[in-house]
Amino acid sequence: MKKTNDLGQDSIFPLVCKLAIPTMIAQLVNVLYSIIDRMFIGNIPVIGDLALAGAGVCGPIVTLLSSFGTLVGLGGSILMAMKLGEKKEKEAQNILNNSFLMLIVLSLTLTIGFLLSKDALLIRFGASQLTFSYADTYLTIYTFGTFFALLGIGMNYFITCQGFPLISMATVITGAISNIILDAVFIFVFDLGIAGAALATVLSQMLSCCLTLLFLFKPGRFRPFKSKPQISIAFGNYSLKLAKKILALGFSPFVILSTDSLIIIVMNAALQHYGGSTNGDQLVSAATIIQSYMLLITGPMVGITGGTQAIISYNYGAVNTKRVKQAEKIILALTVCFSTIMFLVSRFLPQAFVHIFTSDVELIKLSTWGIRVFTLGIIPLSFQYVFVDGLTALGRTKTALTLSVLRKSLYIVFTLVIPIFFQTKSAFYAEPLSDVLCSFITTIIFLLVFSKHLYRREKSFSCNDSLLTP
Numbered sequence: 249m250k251k252t253n254d255l256g257q258d259s260i261f262p263l264v265c266k267l268a269i270p271t272m273i274a275q276l277v278n279v280l281y282s283i284i285d286r287m288f289i290g291n292i293p294v295i296g297d298l299a300l301a302g303a304g305v306c307g308p309i310v311t312l313l314s315s316f317g318t319l320v321g322l323g324g325s326i327l328m329a330m331k332l333g334e335k336k337e338k339e340a341q342n343i344l345n346n347s348f349l350m351l352i353v354l355s356l357t358l359t360i361g362f363l364l365s366k367d368a369l370l371i372r373f374g375a376s377q378l379t380f381s382y383a384d385t386y387l388t389i390y391t392f393g394t395f396f397a398l399l400g401i402g403m404n405y406f407i408t409c410q411g412f413p414l415i416s417m418a419t420v421i422t423g424a425i426s427n428i429i430l431d432a433v434f435i436f437v438f439d440l441g442i443a444g445a446a447l448a449t450v451l452s453q454m455l456s457c458c459l460t461l462l463f464l465f466k467p468g469r470f471r472p473f474k475s476k477p478q479i480s481i482a483f484g485n486y487s488l489k490l491a492k493k494i495l496a497l498g499f500s501p502f503v504i505l506s507t508d509s510l511i512i513i514v515m516n517a518a519l520q521h522y523g524g525s526t527n528g529d530q531l532v533s534a535a536t537i538i539q540s541y542m543l544l545i546t547g548p549m550v551g552i553t554g555g556t557q558a559i560i561s562y563n564y565g566a567v568n569t570k571r572v573k574q575a576e577k578i579i580l581a582l583t584v585c586f587s588t589i590m591f592l593v594s595r596f597l598p599q600a601f602v603h604i605f606t607s608d609v610e611l612i613k614l615s616t617w618g619i620r621v622f623t624l625g626i627i628p629l630s631f632q633y634v635f636v637d638g639l640t641a642l643g644r645t646k647t648a649l650t651l652s653v654l655r656k657s658l659y660i661v662f663t664l665v666i667p668i669f670f671q672t673k674s675a676f677y678a679e680p681l682s683d684v685l686c687s688f689i690t691t692i693i694f695l696l697v698f699s700k701h702l703y704r705r706e707k708s709f710s711c712n713d714s715l716l717t718p
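Residue numbering for the sequence shown follows this note's numbering, beginning at 249 and increasing consecutively.
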């Protein structure tokens with residue numbers, strides 16, 4: 249059966265749009281899981297602000313758990329796209345089989361590990377005596393649903409890389425809609441508080457996971473999708489060597505996402521430390537709102553750059569470097585346009601966003617100011633996202649990892665050092681400072697290595713081809 253999108257033949261601009269837009273929407277909707285939870289939590293009568301701070305402490309831990317789905321899912325899907333570009337469908341099948349097994353084992357291992365260590369993690373990551381109980385309740389329930397969260401996130405990449413971004417988007421949107429409904433029911437109808445928010449998230453992720461697996465398994469009696477993938481999940485041909493290749497390719501995006509959690513953890517801990525018992529919890533609550541807003545920007549950017557990696561990987565595997573270059577230019581243009589729009593929105597409308605989380609006047613004022621500060625460097629940041637993900641799609645994971653870790657490292661340094669010399673809330677300037685500086689460095693490195701890397705690919709293929717020619 250012909251795929252919905254031909255990654256090797258379709259016109260580049262429409263193809264990028266077909267993959268980028270649904271994946272961007274799916275990522276945006278995925279972001280809504282945490283934002284909707286925080287919105288409902290922040291509006292719980294009496295305890296809303298403290299519960300919101302508790303959920304904010306859990307946020308980076310939840311992101312850290314989710315990043316393990318990317319470790320296998322993105323690594324495996326990039327490798328699979330390359331093999332499809334090389335017309336090696338049997339090898340692509342083996343990659344999918346191994347990735348599925350790896351996600352199951354990883355999900356079960358992480359569920360047990362985090363349940364045993366969650367108390368210590370929450371205390372170290374910024375929970376105070378007042379917010380610990382709320383954070384503990386949320387994280388305990390969420391961790392029990394880790395199996396479905398990781399499996400759904402990881403396997404969804406294999407839908408997109410086969411040319412079905414609309415199906416991928418549908419599985420995520422279905423879960424998000426159910427999350428909105430269940431949040432309202434569990435929190436305000438059944439009066440379950442922050443536990444209701446966590447339970448709503450788990451059940452919604454379970455639904456998304458089931459839909460994802462229904463699409464990727466071979467057709468059975470019940471199949472809610474008219475389309476079917478070129479490569480479906482099967483069992484067998486497991487290989488430790490192949491598993492290592494998947495993990496090696498997925499390690500860079502995994503570290504990129506997991507260190508996103510680290511910088512949020514450092515921010516929360518620094519704000520709690522420098523803010524003290526007087527302002528610590530309020531600053532963490534503001535940071536939670538600000539970081540939620542940033543997800544509305546970085547989430548769609550990840551959708552654009554991550555969703556289109558399949559185009560780059562497929563054509564790199566097919567040695568069609570002209571299409572790789574065309575795709576990279578269009579991806580960059582889309583991402584810069586989006587970040588520019590969001591920069592303007594951040595100048596004029598942040599207060600409207602803050603109001604959905606809290607009615608506290610001081611918290612609204614602090615969060616609105618913080619959003620404007622945090623978003624000062626988002627236009628340069630779009631270059632960082634496009635070039636790092638582009639290098640990852642080409643298999644240059646070490647280069648991509650180095651550039652990403654540099655940005656995160658500078659962020660942490662700025663977060664810890666700036667409050668020593670200025671007000672505690674000045675820590676929020678760490679984001680734009682690291683964004684601008686590292687985007688400049690990333691752009692220079694990308695321009696130096698991109699064309700050379702493609703040239704080596706062409707030369708290597710030409711040499712191999714000449715050896716095979718009688």
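Even glycine gets a Cβ: it sits at the ideal position worked out from N, Cα and C.
Simplified DSSP assignment, three categories, for residue i
i	result
I604	coil
I481	strand
F670	coil
L715	Here the model assigns L715 a pLDDT of 40, short of 50, so the residue's position is not dependable, and the following value carries that caveat. Helix, per DSSP.
R469	The pLDDT assigned to R469 is 47, lower than 50, so where the model puts this residue is not dependable, and the model offers no usable value.
D297	helix
I292	coil
E337	helix
Q257	coil
S199	Nothing about residue 199 can be read from this structure; the chain reaches only from 249 to 718.
A566	coil
L597	coil
T556	coil
K476	coil
V572	helix
Backbone CA spacing between residue i and residue j [nearest angstrom]
i	j	result
G638	L695	12 Å
E339	W617	52 Å
K613	S594	14 Å
I689	T647	12 Å
R469	T449	The predicted model places R469 with a pLDDT of 47, which falls under 50 and marks its position as unreliable, so this point remains unresolved.
Y386	P308	13 Å
L658	I421	35 Å
T588	R655	21 Å
I512	C409	30 Å
S699	M515	37 Å
I604	F596	16 Å
K251	D258	Low confidence applies to K251: its pLDDT is 47, below 50, so where it sits in the model is not reliable, and the reading given next is rough at best. Roughly 11 Å between the two C-alpha positions.
P680	I627	10 Å
V567	E576	15 Å
Y562	A534	42 Å
T640	V653	14 Å
L464	D508	29 Å
M272	F586	10 Å
T536	L592	21 Å
L488	I668	48 Å
V264	A329	15 Å
S456	P413	14 Å
T553	I579	7 Å
Q530	T318	32 Å
V684	G625	6 Å
I289	L300	6 Å
Of the residues the options, the one placed nearest residue i, counting alpha carbons only
i	options	result
V433	T422, I421, A446	A446
S480	F622, F406, F635	F406
L280	C306, L399, N427	N427
V732	S630, G402, L490	As shown, the chain starts at 249 and ends at 718. That puts residue 732 outside it, with no answer to give.
S615	L313, F676, I693, L319	F676
K366	F380, S355, L354, L356	F380
S416	F436, L370, V353, Q275	Q275
V584	Y633, G555, D608	Y633
L702	D384, R644, K673	R644
S326	D254, G555, P262	Per the sequence shown, the amino acid found at residue 326 is Ile instead of Ser. When each option's Cα is compared against that of I326, the closest is G555.
S500	D285, G321, L255	G321
Starting from the N-terminal side, write out each stretch of the beta strand (DSSP E) that is 3 residues or longer and does not extend beyond the stretch 489-554. You should have found no qualifying run.
Enumerate, from N- to C-terminal direction, the unbroken alpha helix (DSSP H) stretches of 4 or more residues contained entirely within the stretch 357-442. Entirely contained in the stretch 357-442, the alpha helix (DSSP H) runs reaching 4 residues are, in chain order, 380-392, 394-408, 413-432.
Which full runs of the beta strand (DSSP E) of 3+ residues lie inside the stretch 300-331, going along the chain? Taken in chain order, the whole beta strand (DSSP E) runs of length 3 or more contained in the stretch 300-331 number zero.
Please go through the stretch 614-679 and give each complete alpha helix (DSSP H) segment of 4 or more residues, from N-terminal end onward. Assignment of alpha helix (DSSP H) within the stretch 614-679, counting only whole runs of 4 or more residues, yields 626-641, 645-669 in chain order.
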